[in-house]
Structure formats: C-alpha cells, structure tokens
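Worksheet: one structure, shown below.
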Amino acid sequence: MLAVRDNLAQCVSALRAHKMRASLTMLGLTMGVATLITVMTIVQGANVFVEQKIANLGTNVFQLARTPFAVTDFNIIIKALKYKKIELDDMRAIAEKCGACDEVGASASATVRARHGDKELQDVNLAGQTASMADIDTRSVELGRYFTPAEAEHKSNVCLIGDTLAQQLFPTVSPIGKNIRIGNDELQVIGTMEKIGSVLGQDQDNFVIVPLPVFLRMRGAHSSLTINVKTTASKFEEAQNQAQLILRARRHLTGKMDDDFFIGTKESYMALWRSISSAFFAVFIMVSAISVIIGGIVIMNVMLVSVTARRKEIGVRRAVGATKRDILRQFMAESVMQCMAGGLVGISLGFLIALILRKYTPFPASVQTSVAVAGVLMSSLTGLFFGIYPAVRASRVDPIVALRSE
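Each residue of the sequence shown is one higher than the one before, starting from 100 at the first, in this note's numbering.
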C-alpha cells in the first residue's frame, strides 16, 4: 500500500500533467460554492444588521397601534383602518394605570419635504413624539438637546434632525440654532441625532422629530398614534398584559371580542424578517445546490474520461504491483483534491463578492469562519461522492487488457 504522502504526490503530479482538464473540472464546483458563500454571508449580515437597527426598539420596549407593525396579508390592513384611532388620552391612561410600565410615550409619523434656503429634501420622515420618548427611543442625541415637556406642551416650533438632513441642508455649518421649513412652518433645530445608516437600502437618517402637539397641529389632530412603552425584562409580559387590558377597557371590548389594536415588539419584527430571509435563503441554497450537483456530475464525467485516457498508466502500475485499493485511493484522492481546490477558490470568490457588496452597496454582508468551513466540507463531500464511481471503474481495469489496448 502506498504511503499517504506518495499517494498525494502522485495526485498532484497527475493534476499538473492535465491542467486544462483539472481546471474545467473545478469550474462548476467553484461557481456553486461561490454562490453559496455569497448568499450565506449576505443573509447572515442582513440578520445581524436588521436585529441591531430595526424599528429603533430596545429589548424591553413594545408598541401599541391601530394598524399591524408587520404585515403579510393586505386584508388585515383594510380591516385595521376601520378600527378606532389611538389618541393621547389612551397614552395617558396607560401611563397612569399601568403599574408595570416604567416609561410611556406616543409617536406619529408622516412623509414631508424639508427646506433650508435653496436646498430641499424629498420623502423626509416627520416624526411627532412626546418628550418621554427621549428615554424610550434607542437613538441618542449627538449634538444639542432633546425638547422639554414644557416646549411640547406649549407647541414650540423646535425639532431634531437626522444625519442625512444635517449633511444635505447644512453641509458646512452646524445646524444647531438654524431653521428649516416644513410646509408653512418654520422649525428651529435644537439637536441632531446619531447616525444610524441604511437598513437594506432604506435611509434611516432622513427624518425630523418634532413635539407631538406640533405634529398634530401640522398634520391634523385626528392622526392615530403609536403608544411606546418601556419596562424591565422581568415585567415585560406583565406590562404588555396590563396595557392590553387598559386599552380594551377604554374601547369597551369584553369577553372574547378580538383586539382592535396591535402590539409589536422587537422580536415580532425579527420573526417576520427571519421568515422572509429564510425563504430567500432556501431558494438560493437550492440554486447553489443545483450548481454543486452539476459541478459534481461534471467531475464524475471528466474523471471517467480520465480513467479511459490513463488506461496505460493504470495497467503499468498494476503490472508493477499496485493493488486495486491503491488505484482506488489515487483516483478518489484526485477527485477530492480537485473539489477542495475548487471549493477554496469558490470560498475566496464568494468572500470577495461579499466584501465588495458591503463596501460599495447598501447591502450588508458578514464574513464568518463557519461559512468557510461549511464550504470546504461541502466541496470535500462532493468530491468524495462523485469520485466513487470513476475510482471504482479505474480500480477494476484489467492490467493485461489495459496494456494490450495501448
């Protein structure tokens, strides 16, 4: 029996003698592994990024609103729009009666245009918030300050802006103390929020925050609000139950009547995202698996051609004492070696694509060691599986017939 070192040396020698054939053999597997690695890095990166940024909700924060936070059925939206609106009195009732709730605030939003001088930004998210949202929102003030309860109560025309507005409207000066115009209202900038970035290509810094009474004056007093509640981890479920009961009582919902409002948590958003991403992931995995299988079939057929082309070599080796097992091990090793080489190239290509996407596009990508290990393992198993038949064929070649055929 040949030593492992000798067997590998013969494999390398055989592959170097047929570079074109070896390259074509590896190509299909390389593309399959590269596709798999790219998809896995993008999906994993998106999961981490969305979990960190989604909805600006902390771990111990939940929301109540008239319409659902995560929608998979449009009919639910149509039904929800007929529900009673949530108003400031509902927020005050929860703040007063919910013993497990530490902080209670309310918010509402609309899309507007913001102007300063001759500069204008479209599709700006105008958010109206109560002063208590400063302790609930996970975003922090980078420059300046948040508005006070007195400013909110007196409907002062003050605002905080996101990084996009700060960079676009005030590129060379500090925005603090400057005015921006939204519709017919002049708002004084008293603070800027920390930069968040983009989530799946959606700019999260293109916003203006104003006191909720100012928002209701600007956009209409009959807007439905979102109630935001912050509590502790130990009282999270209790706080949700208390807030739900208070709101049901105010809406005269009794017995088994369904809620006409919705409760959203960070985990509910993540559950929806994971279900969506897993569906895309499954499709891409299927496509990658097909590519790998095709690559494996190519490897098997090329190896079969190699067995036919190398019949003399096999015959000579058998004639000088090589056993069937030696021939089997050599061809199996060649198959695995080609697949591992193709897999390593595919892994490098996949990681390179992921890094390029992360650097030059809003698409997030997370390069992890476990993904590389999975790629190497998959390519090795592919080589082992699809190399069995050609190796068995090679080991069964009759040396006399092989030498005579030449």
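Positions of the beta carbon are idealized from the N, C-alpha and C atoms, including for glycine.
- Membership of Arg212 in the beta strand (DSSP E) is indicated by the continuous run 202 to 215.
- Asn305 counts as buried, since at least 16 other C-beta atoms from the protein chains shown sit within 10 angstroms of its C-beta.
- About 7 Å separates the CB atoms of Gln228 and Gly204; that is less than 8 Å, so the two are in contact.
- Remark: C-beta atoms of Ala342 and Val328 approach each other more closely than 8 Å.
- By the beta-carbon neighbour count (other beta carbons within 10 angstroms, threshold 16), Tyr245 is buried.
- A contact is defined here as three or more CB-CB pairs under 8 Å, and the region 276 to 296 meets this definition with respect to the region 250 to 260.
- In this structure Val475 touches Gly442 by the C-beta definition: roughly 6 Å separates them, less than 8 Å.
- Within the DSSP secondary-structure output, Pro310 pairs in a beta bridge with Gln228.
- Secondary structure at Glu337: helix, using DSSP grouped into helix, strand and coil.
- Take the alpha-carbon of Ser447 and the one of Ile398: they are about 20 Å apart.
- Boundaries of the beta strand (DSSP E) around Met292: 284 to 292.
- In the three-state reduction of the DSSP assignment, Leu451 falls in the helix class, which pools H, G and I.
- If you compare the alpha carbons of Thr291, Val211, Val470, Ile275 with that of Gly282, the shortest gap goes to Val211.
- Within the model, the alpha-carbon separation for Gly420 versus Ile413 is close to 11 Å.
- For the 8 Å CB-CB criterion, Phe360 and Ala164 form a contact.
- With respect to Thr331, Cys200 sits apart: the two C-beta atoms are not nearer than 8 Å.
- Here the region 428 to 439 makes contact with the region 387 to 402; the two share three or more CB pairs at distances below 8 Å.
- In the structure shown, Asp302 falls within a strand segment according to DSSP collapsed to helix, strand and coil.
- Secondary structure at Ile326: strand, using DSSP grouped into helix, strand and coil.
- The Cβ-Cβ distance between Asp262 and Lys218 does not fall below 8 Å.
- Burial is judged here by how many other beta carbons sit within 10 angstroms of a residue's own beta carbon; Asp358 has fewer than 16 and is exposed.
- In the three-state reduction of the DSSP assignment, Leu220 falls in the strand class.
- Not a single unbroken stretch of the beta strand (DSSP E) spanning 3 or more residues falls wholly within the region 464 to 491.
- Closest in C-alpha terms to Phe379, from the list Asn146, Val391, Tyr368, comes Asn146.
- The C-alpha of Asp425 is placed about 14 Å away from the C-alpha of Pro489.
- For Gly394, the uninterrupted alpha helix (DSSP H) segment begins and ends at 365 to 408.
- For Ile193, there is no enclosing beta strand (DSSP E); the residue is found in the alpha helix (DSSP H) stretching over 187 to 196.
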